[in-house]
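Asker: Note that the protein sequences, when read in sequence, are chains H and U. Numbering-wise, numbering that gives the first Met the number 0 puts 19 at position 20 of the first sequence, and it's gapless, one number per residue. Numbering-wise, numbering that gives the first Met the number 0 puts 4 at position 5 of the second sequence, and it's gapless, one number per residue.
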Amino acid sequence: MTLEEIFATIVGHTRDILPGLDDHAFQFTDSLRELGANSIDRSEVVMLTLESLSLKAPMIEFAKAENMGELATLLHARL
Amino acid sequence: MHAAERTPIVVSGIGITASIGQGRRDFTAALLAGEHRFAAMRRPGRQKPPAADDVAAPFIGAEIADLRMPDAIAAAKLRNLSWSAQVALATLHEAWEDAGLDGVDPRRIGLIVGGSNVQQRELALSQAKYQDRVEFLRPTHAMTFMDTDLCGVCSEVFGIRGLAITVGGASASGQLAAIQAIEAVRSGQVDVCIALGALMDLSFFECQAFRSLGAMGSDRFAREPALACRPFDRDRDGFIFGEACGAIVIRRAADATRTPYAELKGWAMAWDANRNPNPSLEGETAVIRGALAMAGLLADAIDYVNPHGTASVVGDETELAALRACGLDRAYINATKSLVGHGLSAAGMVELIAVMLQMQAGRLHPSRNLDNPIDAGFRWVGATAIDHVVERALNMSMGFGGINTAICLQRG
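#1: Give the straight-line distance between the Cα atoms of U/P92 and U/S170, rounded to the nearest whole angstrom.
#2: Please tell me whether U/A382 and U/M395 are closer than 7 Å, where the distance is taken between their beta carbons.
#3: Between the region 39-52 of chain H and the region 4-13 of chain H, are three or more C-beta pairs nearer than 8 Å?
#4: Express the C-alpha separation of U/R274 and U/V389 in angstroms, rounding to a whole number.
#5: How would you write the range of the beta strand (DSSP E) that U/V166 sits in, first residue to last?
#6: Could you check which residue in U/L198, U/I239, U/D190 and U/A294 has the C-alpha nearest to that of U/L334?
#7: Could you name the residues of the region 24-55 of chain H whose beta carbon sits closer than 7 Å to any beta carbon of chain U, in the order they occur along the chain?
#8: Is the beta carbon of U/A61 sitting closer than 7 Å to the one on U/R36?
#9: Keeping to the same chain, check which residues put their C-beta closer than 7 Å to that of U/Y129; ignore five residues upstream and five downstream.
#10: Looking at the unbroken alpha helix (DSSP H) that takes in U/A324, where does it start and where does it end?
#11: Put U/A3 into one of helix, strand or coil per three-state DSSP.
#12: Do U/G282 and U/N403 have their beta-carbon atoms positioned less than 7 Å apart in this structure?
#13: Suppose you measure from the CA of U/F26 to the CA of U/R41; what does that come to, to the nearest Å?
#14: Note the first and the last residue of the continuous alpha helix (DSSP H) segment covering H/M46.
#15: State the start and end residues of the unbroken beta strand (DSSP E) segment that holds U/V184.
#16: Taking only the alpha-carbon atoms, compute the straight-line gap between U/D374 and U/G241 and give it to the nearest angstrom.
#17: Can you tell me which residues form a DSSP beta bridge with U/G158?
#18: Counting only Cβ pairs nearer than 9 Å, list the residues of chain U close to H/I16.
#19: Any C-beta of chain H sitting closer than 7 Å to the C-beta of U/P69?
#20: What residues from chain H crowd round U/T139, counting only those whose CB sits closer than 7 Å?
#21: Smallest Cα separation from U/S366: which of U/G340, U/A345, U/Q409 and U/A360?
#22: Tell me the rounded alpha-carbon separation between U/D190 and U/A290.
#23: How far does the alpha helix (DSSP H) with U/S396 in it reach, from first residue to last?
#24: Report the option in H/K55, H/E3 and H/P18 whose CA atom is closest to the CA atom of H/N37.
#25: Please list the terminal residues of the continuous beta strand (DSSP E) segment that includes H/E60.
#26: What residue from U/D328, U/N368 and U/Y260 has the CA that sits closest to U/Q359's CA?
#27: List the residues of chain H whose Cβ lies closer than 7 Å to the Cβ of U/F220, in chain order.
#28: Roughly how many whole angstroms lie between the Cα atoms of U/D236 and U/Q357?
#29: Identify every residue that forms a DSSP beta bridge with U/N277.
#30: I believe U/C153 touches U/L198 by the beta-carbon criterion, under 8 Å. Please report the beta-carbon distance rounded to the nearest angstrom.
#31: Can you tell me where the alpha helix (DSSP H) holding U/L338 begins and where it ends?
#32: Below 7 Å CB to CB, which residues in the same chain sit around U/A227 once its five sequence neighbours on both sides are set aside?
#33: Are the CB atoms of U/Q174 and U/G400 nearer to each other than 7 Å?
#34: Of the choices H/I16, H/S53 and H/D21, whose alpha-carbon is the least far from that of H/R32?
#35: Run down chain H in chain order and give the residues with a C-beta less than 8 Å from the C-beta of U/F144.
#36: Does the beta-carbon distance from U/W266 to U/I352 come in below 7 Å?
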């Protein structure tokens, strides 16, 4: 799976979790926090993405991501 | 304290959701028409997974067909809501609007949710889904698995800041919530207290256990769901489950901004010191006499009884014996569970509401399947509704583990 495909997966789950982002043009530099996700929302996005990727990895590994692009990169490195 | 010295406590708002109807108007119409929705249950997680060697009939119950969620709640786009929480929100919204609570100081409003372990089906579905891949379990399971999530969800949506707790009393939980809410208002802890009987969301695990225990019917009418639920009838063989949720707004009469449905005149709770499901004549007579004494009423003053009446073989007989022992065999009596089934945690609240809606309608609803009452000496409302203006009623609840409750109401 490419980095872009992983990013698209994160975007899809972000739209599921956070209402009102259907028309938002997501960028790698977007921050989930700045888009309005609280810590519970962010954990849900990460977990749903891990499930979609069938990637069994500790959530804590992804906490250091500063934006959605970094999150995609960290996930990509674990595949 | 003498009854006359107490500040009158009233019900000034009602919300109701049940299989036969959502909202006061539809529910009352269905109740008086004697409608029902008993069938083999279809909600995911209610029936055992198919097995080749299993010849048992499907579990019968009455399920809510389509829940209408008020726009104000739908707009909040709440996620990860259990079925019990969704129904609680819709039901509480109706009661809230009915009582006109928007202008009340939120720090003076309380919520008491009756029921414990009410989200069993959701838990069973989650456990089945993640059984072999628990790593992917939704993090929010950590907050939603607790019944107090209903308190969190409802208090957030309605801005309740005074008090929000759950109370558990098995099948008397709904009435226990009402009693605790009355006490919260009477003590001055809050000015308004909402009591909610939560929807008990059974999974097939609980259905199987209830059936094995002999509490849940119906082996006798396994292929005739419409005949399965028959409280106080000679052919009853246990309770039939029914999804339901009810909410009432309790406040001092002096604070009510609308004509109350009823004044709550007396209430009582008694425990049997018995962990088991079996009923107790002593416990039941104690709460009947306790509620009447607190209301300052003699049995003759009660013109309608809404019994617990689950269709339990022993429970129904014990309840009638208790009513007779207390001189309540001359009041009208019907069986709300014959129409809506047994809501377990919700039952006591749904039936309290049924009393008040019948008071308002000036009619008493029919009892379904009461073909041969186990005691013909009572004043049964049979197959058709009758005109009767209830002035003073008694409502009973009992639950596993030895809890008995009763509430005495006077028309508002």
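The beta carbon of each residue, even a glycine, is placed where N, CA and C say it ideally should be.
Answerer: Looking at the atomic coordinates:
#1: Reading off the sequence shown, one finds His at residue 92 of chain U, where the question assumed Pro. Each residue's alpha carbon lies about 24 Å from the other.
#2: No. Outside cutoff.
#3: yes
#4: 36 Å
#5: L162 to V166
#6: Before going further, note that residue 334 of chain U is Ala rather than Leu in the sequence given. The shortest Cα separation from U/A334 among U/L198, U/I239, U/D190 and U/A294 belongs to U/I239.
#7: I39, S42, E43, M46, L49, E50 and K55
#8: Contact flag set, yes.
#9: F135 and L136
#10: U/A324 -> alpha helix (DSSP H) spans V312 to A324.
#11: Note that U/A3 has pLDDT 46, beneath the 50 cutoff, so the model's placement of it is unreliable and no number is given.
#12: yes
#13: Taking the straight line from one Cα to the other gives about 22 Å.
#14: S38 to L52
#15: Unbroken run through U/V184 is the alpha helix (DSSP H), S172 to R185; no beta strand (DSSP E).
#16: 25 Å
#17: According to DSSP, which records beta bridges pairwise, U/G158 is partnered with nothing at all.
#18: R78
#19: no
#20: Within chain H, the residues near U/T139 are I39 and E43.
#21: U/G340
#22: 23 Å
#23: Note, U/S396: premise wrong, no alpha helix (DSSP H); beta strand (DSSP E) at R391 to G398.
#24: H/P18
#25: Looking at the DSSP string, H/E60 is not in any beta strand (DSSP E), and its letter there is neither H nor E.
#26: U/Y260
#27: Residues of chain H passing the Cβ test: none, with the nearest at roughly 43 Å.
#28: 28 Å
#29: BP columns for U/N277 are empty, so no partner.
#30: The pair is not a contact, with the Cβ atoms about 13 Å apart (cut-off 8 Å).
#31: K336 to V339
#32: In chain order, F37, I59, G216, S217, F220 and I239 place their CB closer than 7 Å to the CB of U/A227, counting only its own chain and leaving out the 5 sequence neighbours on each side.
#33: no
#34: The residue with the shortest Cα to Cα distance from H/R32 is H/I16.
#35: Contacts between U/F144 and chain H, judged by CB atoms closer than 8 Å, are missing: the closest CB pair is about 14 Å apart.
#36: Taking a C-beta distance under 7 Å as the contact criterion, U/W266 and U/I352 do not qualify as a contact pair.
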